[in-house]
Amino acid sequence: MLKPDRFKIHVRDWRGYLLAFILGILSILIGLILSKISRLAFPLAMTLMIYPLYYLDLKEGRNWDAAYHVLMWALSSSLTLILITMSLGEEIGELILKGNSYKQEMFRWIRTGAGPEGDPSLFMIPKLTELGLFSILCFVSAGFLGLFLGSFLLNYMNYYVGCLFIHSKAGMTWAPILLGWPIYAILRVIGYVNLGVVLSIPFFSRLLGASFDGKQVKKQLYLALAMITLDFLLKGTLANLVYQPILKRAIELG
Numbered sequence: 565m566l567k568p569d570r571f572k573i574h575v576r577d578w579r580g581y582l583l584a585f586i587l588g589i590l591s592i593l594i595g596l597i598l599s600k601i602s603r604l605a606f607p608l609a610m611t612l613m614i615y616p617l618y619y620l621d622l623k624e625g626r627n628w629d630a631a632y633h634v635l636m637w638a639l640s641s642s643l644t645l646i647l648i649t650m651s652l653g654e655e656i657g658e659l660i661l662k663g664n665s666y667k668q669e670m671f672r673w674i675r676t677g678a679g680p681e682g683d684p685s686l687f688m689i690p691k692l693t694e695l696g697l698f699s700i701l702c703f704v705s706a707g708f709l710g711l712f713l714g715s716f717l718l719n720y721m722n723y724y725v726g727c728l729f730i731h732s733k734a735g736m737t738w739a740p741i742l743l744g745w746p747i748y749a750i751l752r753v754i755g756y757v758n759l760g761v762v763l764s765i766p767f768f769s770r771l772l773g774a775s776f777d778g779k780q781v782k783k784q785l786y787l788a789l790a791m792i793t794l795d796f797l798l799k800g801t802l803a804n805l806v807y808q809p810i811l812k813r814a815i816e817l818g
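If you read the sequence shown in the numbering used here, its first letter stands for residue 565, the second for the next number, and so on.
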């Protein structure tokens, strides 16, 4: 027999995922409109869309739900911006902070194999700096500024992936589908999201009295650190060995 309380939990979780998915789509649509006023408004709009759900999850002590919902939001916002880039063209890069410069950097790497994407001596310090900044922002703002930084990072990455589809050679669309978002970047997002949640918890527990399972918080921290470590290791080994050669054959670079 189905217990009423379990049924309510199931519905709540299902609605939370659906809401997060819808918020991801709306984040991009609203953000693109507002970015015509200021490009900073794009990641800000995205953050304002997802933060209330994030806040509610952590206020109620649901640290895993907070991470799952943000990941769902990240997935839907990524798919939306990639599709919009494919539909409207590379010109929308003007509306995205670091959009054009990142695309040029990555296309140069695809063409030559040179650049920070696959060179630890070039990406290690910037990535560690980014990680440190993200951690501080999450801790001092209960996750809000961390989500803002994450939105900024997601947007220029997704614009680049959309451009890969635009430039893919006939019959090679599978390449941006499988390789546009490299596995190490996906692991990085998972790691950052879970780390951001853990670093937000002190605010909610000490100032709002939220209760968390200490063992689960530790598991979430270990997961975050494992994902981020794998990101560094795989980026340094697979980017130039696997991703760049395949993308070079699949993408029309002009």
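Positions of the beta carbon are idealized from the N, C-alpha and C atoms, including for glycine. Computed from a predicted structure; not experimentally measured.
Residue i - partner residues in DSSP beta bridges
i, result
"serine 732", "Ile815"
Outcome for residue i when other beta-carbon atoms lying within 10 angstroms are tallied against a minimum of 16
i, result
"serine 830", "This structure does not reach residue 830, given that the chain is present from 565 up to 818, and the question cannot be answered."
"lysine 779", "exposed"
"valine 762", "buried"
"tyrosine 756", "buried"
"threonine 649", "buried"
"leucine 596", "buried"
"glycine 696", "exposed"
"glutamine 784", "buried"
"arginine 752", "buried"
"threonine 693", "exposed"
"leucine 742", "exposed"
"arginine 603", "buried"
"serine 685", "exposed"
"alanine 788", "buried"
"leucine 817", "exposed"
"arginine 626", "buried"
"leucine 659", "buried"
"glutamate 655", "exposed"
Which of helix, strand or coil DSSP assigns to residue i
i, result
"arginine 538", "A question about residue 538 goes unanswered here, because the residues of the chain that appear run from 565 up to 818."
"glutamate 694", "helix"
"leucine 798", "helix"
"leucine 785", "helix"
"aspartate 777", "coil"
"proline 684", "helix"
"isoleucine 700", "helix"
"isoleucine 765", "helix"
"leucine 661", "coil"
"glycine 861", "Since the first residue shown for the chain is 565 and the last is 818, residue 861 is missing from the structure and cannot be characterised."
"proline 809", "helix"
"threonine 771", "In the sequence as displayed, the identity of residue 771 is leucine instead of threonine. DSSP places leucine 771 in coil when its eight states are reduced to three."
"glycine 679", "coil"
"tryptophan 745", "coil"
"glycine 707", "coil"
"threonine 793", "helix"
Spatial neighbours of residue i in its chain, beta-carbon cut-off 8 angstroms, leaving aside the 5 residues before and after
i, result
"isoleucine 815", "Phe671, Ile674, Leu728, His731, Ser732, Lys733, Met736, Ala739 and Pro740"
"isoleucine 747", "Leu798 and Leu802"
Test: residue i CB closer than 9 angstroms to a CB of chain B
i, result
"leucine 643", "The chain inventory of the structure shown lacks chain B, comprising one protein chain alone."
Cut-off 7 angstroms between Cβ atoms - residues of its own chain near residue i, not counting five sequence neighbours on either side
i, result
"leucine 598", "Ala605, Phe606 and Ala609"
"phenylalanine 716", "Pro607 and Leu661"
"leucine 512", "Outside the modelled stretch of the chain, which goes from 565 to 818, sits residue 512, for which no answer is possible."
"asparagine 804", "Gly677 and Gly682"
6 angstroms CB neighbourhood of residue i in its chain, flanking five on each side removed
i, result
"phenylalanine 585", "Met636 and Ser640"
"threonine 676", "none"
"isoleucine 646", "Asn722, Val725 and Gly726"
"alanine 706", "Ser764 and Phe767"
"aspartate 795", "Tyr748, Leu751 and Arg752"
"phenylalanine 712", "Pro607 and Thr611"
Pick out the complete beta strand (DSSP E) segments inside the stretch 579-658, 3 residues or longer, and give them in chain order.
If you keep only unbroken beta strand (DSSP E) runs of at least 3 residues inside the stretch 579-658, you get nothing at all.
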